[in-house]
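Trainee: Quick one: this structure, given as structure tokens, is what I'll be asking you about.
Residue numbers (this note's numbering): 22 to 137.
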């Protein structure tokens, strides 16, 4: 995995920051208890596991790409191969899915799906 891209502000290395890393204050931190299931074709057991996977991803990953990769790998290992994942604040999709779950936390949407 490649290192995050760093930007320097004002030419000082002390003021550099990582791009796209979620740095919310503690009162706005993303918590697993705030995950909502918006829509799903999965069984109740798979829904619960997907929510747990997202909770783990929020604890261990810092950017959307890392969360999507983490969720895809967990779903492939647990539910079988061919799962895909989209994580973001703004995206559109039109998919013909066999199985899917749409989760949200704060303003972030997570779509985990398996197509034909």
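Yeah, the Cβ is synthetic: ideal placement off N, Cα and C, and Gly gets one too. Every value quoted in this text rests on a predicted model; they were computed, and no experiment measured them.
#1: Can you tell which of 59, 111 and 82 has its C-alpha closest to the C-alpha of residue 121?
#2: Out of 62, 116 and 111, which one is the CA nearest neighbour of residue 129?
#3: Take the Cβ of residue 94 as the centre, count every other Cβ of all protein chains shown within 10 Å, and call the residue buried at 16 or more, exposed below.
#4: When the Cα of residue 132 is compared with those of 51, 107 and 115, which residue comes out closest?
#5: Going by beta-carbon coordinates alone, are residue 124 and residue 77 separated by less than 8 Å?
Mentor: The structure says:
#1: The residue among 59, 111 and 82 with its C-alpha nearest the C-alpha of residue 121 is 59.
#2: 111
#3: Within 10 angstroms of the beta-carbon of residue 94 lie fewer than 16 other beta-carbons, which makes it exposed.
#4: Nearest option by C-alpha distance: 107.
#5: no
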